[in-house]
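4 protein chains.
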Amino acid sequence: MDTLIKLDLLSRRPIYEQLKSKISELVLLGELKPGDALPAVRSFARDLGVNPNTVQKAYQELERENIIYSVVGRGTYISRSDKLADQLREQQVQRVKSAVLLAKNSSVTKERIISAVDEVFSGKNHAEGESQADD
Amino acid sequence: MDTLIKLDLLSRRPIYEQLKSKISELVLLGELKPGDALPAVRSFARDLGVNPNTVQKAYQELERENIIYSVVGRGTYISRSDKLADQLREQQVQRVKSAVLLAKNSSVTKERIISAVDEVFSGKNHAEGESQADD
Amino acid sequence: MDTLIKLDLLSRRPIYEQLKSKISELVLLGELKPGDALPAVRSFARDLGVNPNTVQKAYQELERENIIYSVVGRGTYISRSDKLADQLREQQVQRVKSAVLLAKNSSVTKERIISAVDEVFSGKNHAEGESQADD
Amino acid sequence: MDTLIKLDLLSRRPIYEQLKSKISELVLLGELKPGDALPAVRSFARDLGVNPNTVQKAYQELERENIIYSVVGRGTYISRSDKLADQLREQQVQRVKSAVLLAKNSSVTKERIISAVDEVFSGKNHAEGESQADD
DNA sequence: GTGGTCTAGACCACA
DNA sequence: GTGGTCTAGACCACA
Numbered sequence: 040m041d042t043l044i045k046l047d048l049l050s051r052r053p054i055y056e057q058l059k060s061k062i063s064e065l066v067l068l069g070e071l072k073p074g075d076a077l078p079a080v081r082s083f084a085r086d087l088g089v090n091p092n093t094v095q096k097a098y099q100e101l102e103r104e105n106i107i108y109s110v111v112g113r114g115t116y117i118s119r120s121d122k123l124a125d126q127l128r129e130q131q132v133q134r135v136k137s138a139v140l141l142a143k144n145s146s147v148t149k150e151r152i153i154s155a156v157d158e159v160f161s162g163k164n165h166a167e168g169e170s171q172a173d174d
Numbered sequence: 040m041d042t043l044i045k046l047d048l049l050s051r052r053p054i055y056e057q058l059k060s061k062i063s064e065l066v067l068l069g070e071l072k073p074g075d076a077l078p079a080v081r082s083f084a085r086d087l088g089v090n091p092n093t094v095q096k097a098y099q100e101l102e103r104e105n106i107i108y109s110v111v112g113r114g115t116y117i118s119r120s121d122k123l124a125d126q127l128r129e130q131q132v133q134r135v136k137s138a139v140l141l142a143k144n145s146s147v148t149k150e151r152i153i154s155a156v157d158e159v160f161s162g163k164n165h166a167e168g169e170s171q172a173d174d
Numbered sequence: 040m041d042t043l044i045k046l047d048l049l050s051r052r053p054i055y056e057q058l059k060s061k062i063s064e065l066v067l068l069g070e071l072k073p074g075d076a077l078p079a080v081r082s083f084a085r086d087l088g089v090n091p092n093t094v095q096k097a098y099q100e101l102e103r104e105n106i107i108y109s110v111v112g113r114g115t116y117i118s119r120s121d122k123l124a125d126q127l128r129e130q131q132v133q134r135v136k137s138a139v140l141l142a143k144n145s146s147v148t149k150e151r152i153i154s155a156v157d158e159v160f161s162g163k164n165h166a167e168g169e170s171q172a173d174d
Numbered sequence: 040m041d042t043l044i045k046l047d048l049l050s051r052r053p054i055y056e057q058l059k060s061k062i063s064e065l066v067l068l069g070e071l072k073p074g075d076a077l078p079a080v081r082s083f084a085r086d087l088g089v090n091p092n093t094v095q096k097a098y099q100e101l102e103r104e105n106i107i108y109s110v111v112g113r114g115t116y117i118s119r120s121d122k123l124a125d126q127l128r129e130q131q132v133q134r135v136k137s138a139v140l141l142a143k144n145s146s147v148t149k150e151r152i153i154s155a156v157d158e159v160f161s162g163k164n165h166a167e168g169e170s171q172a173d174d
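So the protein lines, in turn, are chains R, P, B and Z.
Per this note's numbering, the first sequence starts with residue 40, numbered consecutively.
Per this note's numbering, the second sequence starts with residue 40, numbered consecutively.
Per this note's numbering, the third sequence starts with residue 40, numbered consecutively.
Per this note's numbering, the fourth sequence starts with residue 40, numbered consecutively.
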């Protein structure tokens, strides 16, 4: 599965965060299903060309968010929850709400926000987008 | 005007960024108008309970974003630009679009996003919101 | 003569430097001739809406450059030198040479420089220009 | 590469600006190429006999000018832009134009300017030159 | 007084 | 180790 993941080592976005996002995405897409095993920290790090501490950190945070779980001596797996995808999507929605609240507090009109949403969903976003993703 | 600003010194969000946001907000709200003077670096720092260098950094970044300008020996002022508020609002909209794009990429539906926007504008937001506000 | 001088109090360019430039310009234009009296520091400062120290500093530097001279108890006058204008022009040429040298060291071609000079002399400069002027 | 850089700690030109110029020059000369790593902030500061904050400031300004970029935990690198050198050269040309404009406003003739340019390019410059070099 | 630069050094997140 | 933030405080030019 590591072949499905490409990190941008030049980005300012922390690598461990990129990794978290990528794994979440794979869950969302159904590429990773509850119970599936994740690569071992060390070999994964080697394959990604990244520091083991970095993979470790990504795994730890994902575990804290109940998206994956580890069994000492056996490995790391995708959580057995049928609401995993919903849970991840809800995180994204919360982020949107935070951004909208800030905009609202800056007197941006609801109409302007709605049209911005329309633009994104009609694919007219020239923004690189990337940034943030979960936490 | 310094009494209008409250910083969260414990937040992991950099103090100078919080300060930038607060000042931007005051401009947006019309509390600060083009030509208005900002507090002197040192006295402002004292009032905020912060190091002068931190205020300095906030001022310098706002200056290179053309939101304020400084003149040695005289002081710091809000830029004389009639498009200041629009400019700041557009920054907020861009943030929203980034967040929406990420949500979209996580298969969040447009309907869900729109309803999230509705929630925020009807005042039902329990999100801490606060964070971010400028580049 | 103070009515001929307009300072930009908002500019980042130091006021005393602006004042020096303006006086030099007036000499160059023949508005001020050798032997002419300059306004007294205090009244001049008042007229310009500027701190007396600032006018003082401009006068001191101009005196150091032999462009003006002061007689204690009498006042300040334009130097009685017939080469004053040439001298001022030569200062400007030196500045150009410094800038050209830096450009040359950055591998800018002579052709590019010449064409830049042409542009300025044909009036196609969209640069605000202003900055620097003597010292 | 740090051995290629000599700062004048006594100059009134800010150290961080000198450093910015020197780095820009090295890029211009091809000594530093896109993707190349710059010395770490702290070790560079030690080698230059300067405070880390000063190097930091130079790096951060070069970063916002898109000349270099930093990644926390990894290091600082020359930007991957093929137009970097052109961009820097254009900055120098702008400086020349500003100086020429001022000279022109002081009634310096075009002929005089051209001959000054000739002098510089034929190596007859006794001007200290050094100073300035970036934004 | 006002902004700008700089040192000395601590602490943090990330790799 | 690497960059980013912050404090404490000095010194400078300018007004």
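Using N, Cα and C, we set each Cβ at its ideal position, and we do this for glycine too.
Remember, it's a predicted structure, so these values are computed and weren't measured experimentally.
**Asked** Using a beta-carbon distance below 8 Å, is Z/V110 in contact with chain R?
**Response** yes
**Asked** Within the 8 Å Cβ cut-off, does P/I44 reach chain R?
**Response** no
**Request:** Can you say whether R/V80 is buried or exposed, counting buried as having 16 or more other CB atoms within 10 angstroms of its CB?
**Result:** buried
**Asked** Taking the alpha-carbon positions, what's the B/R85 to B/L77 distance?
**Response** 14 Å
**Near-chain Z residues of the region 60-88 of chain B - C-beta to any C-beta below 9 Å** = S60, S63, E64, L67, L68
**Contact set between B/A155 and chain Z, taken where Cβ atoms lie within less than 9 Å** = V132, Q133, V135, K136, V139
**Asked** Under 8 Å, do R/K122 and P/A155 count as touching if we go by C-beta distance?
**Response** no
**Request:** Would you please state the rounded distance, in angstroms, between the beta carbons of P/I44 and P/K61? I believe it to be under 8 Å.
**Result:** 5 Å
**Request:** Using a Cβ cut-off of 8 Å (strictly closer), state whether B/L127 contacts chain P.
**Result:** no
**Prompt:** Ordered along the chain, which non-local residues of its own chain (more than five positions away) have a Cβ less than 8 Å from that of R/L127?
**Reply:** S63, V66, L67, I106, D173
**Request:** Please check the pair B/Q133 and Z/V147, which I expect to be a contact at CB under 8 Å, by giving their CB distance rounded to whole angstroms.
**Result:** Contact doesn't hold; Cβ gap of about 11 Å is too wide.
**Request:** Measuring alpha carbon to alpha carbon, tell me which of R/E104, R/K149, R/S82 ends up nearest R/V94.
**Result:** R/S82
**Partners in chain P for R/V147, counting only beta-carbon separations shorter than 7 Å** = R128, Q131, V132
**Request:** Rank P/D125, P/G74, P/K143 by C-alpha distance to the C-alpha of P/S109 and give the top, closest one.
**Result:** P/G74
**Prompt:** Mind checking if R/L58 is an interface residue toward chain Z, Cβ cutoff 8 Å exclusive?
**Reply:** no
**Asked** Does the beta-carbon of Z/S161 have 16 or more other beta-carbons within 10 angstroms, so that it is buried, or is it exposed?
**Response** exposed
**Request:** Spatial neighbours of Z/E167 within its chain, please: CB distance less than 6 Å, with the 5 preceding and 5 following residues excluded, ordered by chain position.
**Result:** Because the pLDDT at Z/E167 is just 47, under 50, the model does not fix this residue reliably, and the value given afterwards should be weighed accordingly. Result list for Z/E167: empty, nothing under 6 Å.
**Prompt:** Roughly how many angstroms lie between the CA atoms of Z/I117 and R/L48, to the nearest whole one?
**Reply:** 14 Å
**Message:** Just to make sure I have the definition right: I need the residues of chain Z whose C-beta is within less than 8 Å of the C-beta of R/L101. Which are they?
**Reply:** Neighbours of R/L101 on chain Z: none; closest Cβ ~20 Å, over 8 Å.
**Under the three-state DSSP convention, the category R/L77 falls into** = strand
**Prompt:** What residue ranges within the region 85-148 of chain R form continuous beta strand (DSSP E) runs of no fewer than 3 residues, ordered along the chain?
**Reply:** 107-110, 114-117
**Item:** Span of the alpha helix (DSSP H), counted from its first residue to its last, around Z/E64
**Value:** 54-67
**Prompt:** By the 10 Å Cβ neighbour count, where 16 or more other Cβ atoms means buried, how is R/V159 classified, buried or exposed?
**Reply:** buried
**Asked** Ordered along the chain, which non-local residues of its own chain (more than five positions away) have a Cβ less than 8 Å from that of P/Y55?
**Response** T93, V94, K96, A97, E100
**Asked** From B/V111 to B/L87, what does the alpha carbon distance come to, in whole angstroms?
**Response** 23 Å
**Item:** Listed by chain order, chain R residues near P/E158 by CB distance under 8 Å
**Value:** K136
**Item:** Contact with chain P by R/I152, beta-carbon distance below 8 Å
**Value:** yes
**Prompt:** Taking the C-alpha atoms as reference points, what is the distance between R/E150 and P/L140?
**Reply:** 18 Å
**Item:** Cβ-based neighbour list, B/E102, same chain, cut-off 7 Å, excluding 5 preceding and 5 following
**Value:** Y108, S109
**Request:** Please say whether Z/I152 and Z/A142 have beta carbons closer to each other than 8 Å?
**Result:** yes
**Prompt:** Where Z/S145 and B/K72 are concerned, what is the direct C-alpha to C-alpha distance, given to the nearest angstrom?
**Reply:** 16 Å
**Asked** Counting contacts by CB-CB distance shorter than 8 Å, is B/L123 in contact with chain P?
**Response** no
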